[in-house]
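In this note's numbering, the protein residues as written are 4 to 154.
We put the CB at the ideal spot given by N, CA and C, even for glycine.
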């Protein structure tokens with residue numbers, strides 16, 4: 004009974020910052036909450052009696068690593084690096100809300116602008132593919148292993 008109360012208080016303290024920042028309009032905090040839960044589970048399993056604790060902890064660490072990548076949301080930046088290196092950074096100008104001009108620093112001619120725009124779109128599509136791939140890998144790993152993750 005006392006142990007349950009102490010554990011409950013520790014849980015409240017541990018989860019309070021996560022819940023406080025939660026917003027209901029996107030998936031971001033679902034991933035943040037899942038990461039927090041898995042980090043806590045990995046600590047418990049590593050210190051517990053599970054015979055295969057090391058293997059279980061490694062699978063959980065893999066999921067946490069994938070969650071970190073998904074949460075950090077840097078897929079676009081990573082996919083855009085080679086394009087930015089070749090064509091320069093994006094320049095966005097807006098005369099009014101109806102006309103927004105997006106181009107690259109080094110894309111001067113119309114031909115260069117078309118090429119850089121095509122490569123920028125391809126990088127954006129690749130970033131979407133990468134986040135989908137990491138998300139799929141995360142949930143496939145969890146689906147396969149989650150039932151063996153508890154002491």
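Suppose the cutoff is 8 Å on Cβ atoms and the five residues either side in sequence are ignored; what does the same chain contact list for residue i look like?
i	result
residue 144	62, 65, 66 and 69
With DSSP as the reference, please indicate the residues paired to residue i in a beta bridge.
i	result
residue 93	107
residue 102	99
Over the uninterrupted alpha helix (DSSP H) stretch that includes residue i, give me the two end residues.
i	result
residue 130	113-148
residue 36	31-49
residue 65	56-75
residue 14	5-24
What residues in its chain sit with their C-beta under 6 Å from that of residue i, if we drop five residues either side in the sequence?
i	result
residue 123	86
residue 90	107, 109, 110 and 119
What does a CB cutoff of less than 7 Å around residue i pick up in its chain, not counting 5 residues either side in sequence?
i	result
residue 49	56 and 60
Should residue i be labelled buried (16 or more other beta-carbon atoms within 10 Å of its own) or exposed?
i	result
residue 78	buried
residue 34	buried
Quick check on residue i: does DSSP put it in helix, strand or coil?
i	result
residue 27	coil
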